[in-house]
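>
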Amino acid sequence: MFGSRLAAERKRLKLSQESVATVLGTSRSVVGMIETDQTSLGAERLLKLGAAGFDVLKVLTNEPGKTASGRLLNWELALKISDAVDDWARMRGVKLRPEKKALLVKHLYLQFAAREQIDESLLNETLQMAA
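The sequence shown begins at 1 in the working numbering and counts up by one.
#1: What three-state label does DSSP hand GLN128 in the structure shown?
#2: Please list, in chain order, all residues of the same chain as GLY53 whose beta carbon is under 8 Å from its beta carbon, the five residues on each side excluded.
#3: My output table needs one value for GLN117: the three-state DSSP class, helix, strand or coil.
#4: Kindly confirm or deny that the stretch 29-40 and the stretch 79-97 touch, where touching means at least three C-beta pairs closer than 8 Å.
#5: For LYS48, collect the residues of the same chain with a Cβ closer than 7 Å to its Cβ; drop the 5 residues on either side in sequence, then sort them by chain order.
#6: Could you compute how far the alpha carbon of PRO98 sits from the alpha carbon of SER29?
#7: Does DSSP put ASP37 in a helix, a strand or coil?
#8: Closer than 7 Å to a non-hydrogen atom of the ligand HEM - does that hold for the CB of PHE2?
#9: Rounding to the nearest angstrom, what Cα-Cα distance links GLY65 and GLN128 in this structure?
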């Protein structure tokens with residue numbers, strides 16, 4: 001199942017089975033077995049492939065990593081953060097350039113995503129420092 005996707009990703013990167021074998025610390029024949037689903041790909045191998053530039057989400061889901069990871073984003077939280085940044089700037093008469101706002105929203109999202117809620121004091125502190 002994952003083997004043909006791995007082979008396609010290897011070819012997209014213009015790599016030989018031998019070079020993938022070097023990345024994985026195994027033989028070319030094992031890479032061939034993985035690509036034909038005769039042996040398991042495994043999490044450790046996926047980590048090594050990801051570190052070598054493979055789109056591991058593409059191999060796992062058959063969707064490009066950017067598409068698959070976008071599905072994992074909590075869009076509701078991201079929009080709430082964006083609205084909170086806009087509200088904060090409007091109340092203080094601060095004009096944020098779109099690039100700066102995007103960086104702030106991304107930074108704040110990474111801070112709040114695990115809790116899935118906005119921490120108002122951290123939001124205010126971050127925006128005050130950035131303004």
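All residues carry an ideal CB built from backbone N, CA and C; glycine is no exception.
According to the structure shown:
#1: helix
#2: LEU13
#3: coil
#4: no
#5: VAL23 and LEU24
#6: 51 Å
#7: coil
#8: This structure lacks the ligand HEM; in fact it carries no ligand of any kind.
#9: 34 Å
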